[in-house]
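Report on one structure; see the data block that follows.
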Amino acid sequence: MDTSSVIPNRTPGRQREGLVKSASAHTGLLSDQDGEQGQRAEDQEQGKSGGSPPQPESQEEGRDLIIQPKKRLNLVRVSKSHQELHRELRMTHKRGPCLDVKPELQRVLEQRNWEQGMKQRREAEEEKKNRSPLQQELLKRHQRLEELERELKAQQEGLQSSPEFIRVKESLRRTTILDLGEKVV
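Sequential numbering from 1 applies to the sequence shown in the UniProt record's numbering.
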């Protein structure tokens, strides 16, 4: 790569000075330039003695002119959870085909549901143990009332779904049975 076509050249010996913006950076470049000249001489000697082939000067100058950015840390890869996940993936890959049939999210969901169910059962058992006799009797009465209400609703739904003449016939039977019961008394 020819740097003279890329960089405006004011004086032939100072190609880099056009790029420098501060005096401190300029002094650093000058000291680097002196070190590079010595390194180039060593590289040329190695090329003659059978070392690695020397690189063309235009490539070296092109690399020097380009500012190499530092690689930024990827915060996701640095995070502990990502590292643990990556470690787990490597381990499952080493084992071969996955032995687990279910994906990890589904296993976690099932585990959470199981734990919640166990917690609810424990709480229900504790409530049963801690109830007073009065609370137990009230609970039994409440359950009986709910059961009676369910039976009444089922009967009403059964009556509403049957034809009207059957409902009338049943109501007549009830009245006749009640009338007979009253006469006997």
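We put the beta carbon where it would ideally sit given N, CA and C, even for glycine. What you are looking at is a predicted structure, and each value in this text was computed from that prediction instead of being measured.
Along the chain, where does the alpha helix (DSSP H) containing residue i start, and where does it finish?
i	result
Gln-136	133–161
Ser-81	80–95
Val-108	104–129
My output table needs one value for residue i: the three-state DSSP class, helix, strand or coil.
i	result
Gly-47	Only weak support is given to the placement of Gly-47: the predicted model assigns it a pLDDT of 49, under 50, and the value that follows is read from those uncertain coordinates. Helix.
Arg-72	coil
Val-101	coil
Ile-67	coil
Indicate, with yes or no, if the ligand GTP has a heavy atom lying under 6 Å from the CB of residue i.
i	result
Gln-143	The model depicted lacks the ligand GTP and carries no ligand whatsoever.
Nearest by alpha-carbon distance to residue i: which of the options is it?
i	options	result
Val-76	Met-91, Lys-153, His-86, Ser-171	His-86
What's the call for residue i, buried or exposed, on a 16-neighbour Cβ count within 10 Å?
i	result
Arg-174	exposed
Arg-167	exposed
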